[in-house]
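Read the structure below first, then the notes.
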Amino acid sequence: MPQIKTTFGFHSTAEEVVNGIDLSETRIIVTGGSSGIGIETARTLALSGAEVTLAVRNVEAGNIVAANIKETTSNPKVAVAHLDLADLASVREFVGSWRGPLHILINNAGIMALPELVRTREGYEMQFATNFLGHFALTVGLHRFLATANGARVVSLSSSANMIAPVIFDDLHFNFLPYEPFVAYGQSKTANVLFAVEATRRWMDEGIFVNAVNPGAIATNLQKHTGGLKTPPERRKTIQQGAATSVLVAVSPLLAGIGGRYFEDCNEASTVSQRPSDFRGGVAPYALNPDNAARLWTIAQTLIS
Ligand SMILES: NC(=O)c1ccc[n+]([C@@H]2O[C@H](COP(=O)([O-])OP(=O)(O)OC[C@H]3O[C@@H](n4cnc5c(N)ncnc54)[C@H](OP(=O)(O)O)[C@@H]3O)[C@@H](O)[C@H]2O)c1
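See below:
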């Protein structure tokens with residue numbers, strides 16, 4: 009299939025991408041909407057009239073962000089709901105309280121490179137559990153609401169870190185391998201791409217399309233365990249630019265009927281045969297492999313049940 013190219017690029021902002029698109033009938037959830045890229049993603053969508061729910065683990069922080077978005081966009085349809093992706097009971101509670109169609113789900117929340125191995129209550133490695141498994145449970149739980157939207161999209165936030173590690177099927181939770189913070193992050197971000205591949209295969213007949221995005225290098229709280237963003241200044245993005253690819257994949261008519269793909273800098277990325285030394289872009293073939301995607305889905309279903 010030909011690679012998707014748009015008129016947007018590295019420097020495009022989320023506001024430029026959404027310009028002219030009316031979202032007044034669109035209901036959207038943004039996970040991790042109280043920090044970094046999530047705030048600007050939610051703000052930009054609200055600016056175009058969408059009803060936006062910030063799904064956050066810190067409701068107090070979420071309320072402050074929601075008030076600010078309402079004020080700066082003049083859109084009162086901004087809600088806050090509690091969601092802790094590392095706690096499957098919390099995910100179930102969030103899903104149980106959702107009502108009505110869901111047009112767009114942006115699986116944006118994430119953590120990166122926890123210095124020590126941390127496990128969830130179930131014993132799952134924390135980055136895999138938060139970045140992938142919690143979002144898997146959330147999306148599968150919300151599937152029926154996506155299906156009633158008559159055309160829904162899910163955005164799965166990945167990263168250039170997909171090129172650091174495949175999903176380590178034989179040792180997902182570092183029970184045997186020595187824990188490496190960025191290998192665990194890379195694994196989780198590869199899993200986020202594989203999710204887009206298999207979810208699209210399963211759900212496209214219901215009008216649900218799922219794509220993965222790399223937002224680029226943006227200084228946010230994400231780098232709190234790594235001493236800040238190390239990317240050279242000329243390759244960094246502002247937060248508005250960082251939100252652009254998520255917003256493009258979520259709402260652009262250019263991507264209608266497109267799923268199971270990986271985007272960065274507002275365009276579909278190329279696959280690479282080895283990890284580039286400078287992380288300048290691309291997606292590893294194992295992250296788009298349909299057999300890996302189907303295998304991960306089956307395992308994830310077991311892990312959340
Ligand atoms: N910034 C970059 O350079 C970059 C590059 C590639 C990919 N990404 C991806 O972009 C996404 C957004 O990152 P960001 O840079 O905006 O980072 P951020 O500012 O740290 O925001 C991450 C958000 O995720 C939330 N979160 C973390 N654990 C959670 C949990 N268990 N349950 C619910 N929410 C949780 C955080 O909540 P708290 O505020 O409560 O901690 C925060 O709101 C992530 O998926 C990240 O992997 C970012």
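Just so we're on the same page, this note's numbering is the position in the sequence shown counted from 1, plus 8.
Even glycine gets a Cβ: it sits at the ideal position worked out from N, Cα and C.
- The residue from Phe140, Gly40, Pro123 and Pro186 with its alpha-carbon nearest to that of Leu311 is Phe140.
- Phe182 is bridged by DSSP to nothing; it lacks a bridge partner.
- Look at Ala225: its beta carbon is less than 6 Å from one of the heavy atoms in ligand 1.
- Annotated three-state conformation of Leu125 is coil, per DSSP.
- Note on Met9: under 16 other CB atoms within 10 angstroms of its CB, so exposed under the neighbour-count rule.
- CA-CA distance, Lys85 to Thr39, rounds to 16 Å.
- Out of Gly250, Gly17 and Asn200, the CA that lies nearest to the CA of Ala145 is found in Asn200.
- Between the alpha carbons of Glu242 and Ala225 lies a gap of roughly 10 Å.
- Thr156: not part of any beta strand (DSSP E); DSSP gives it neither H nor E.
- Our two residues, Ile307 and Asn219, have alpha carbons roughly 20 Å apart in a direct line.
- Counting only runs of at least 3 residues, the stretch 193-272 fully encloses the following beta strand (DSSP E) elements, listed from N- to C-terminal order: 216-222 and 270-272.
- Taking C-beta separations shorter than 7 Å and ignoring five residues to either side along the sequence, the partners of Leu110 in its chain run Arg35, Ile37, Leu150, Phe153, Leu154, Ala157 and Ala160, following chain order.
- At least one heavy atom of ligand 1 falls within 6 Å of the beta-carbon of Thr228.
- Taking one beta carbon from each stretch, the stretch 181-191 and the stretch 272-289 have fewer than 3 pairs nearer than 8 Å; the two do not touch.
- Per DSSP, Ala302 is one residue of the alpha helix (DSSP H) stretching across Pro298 to Ile312.
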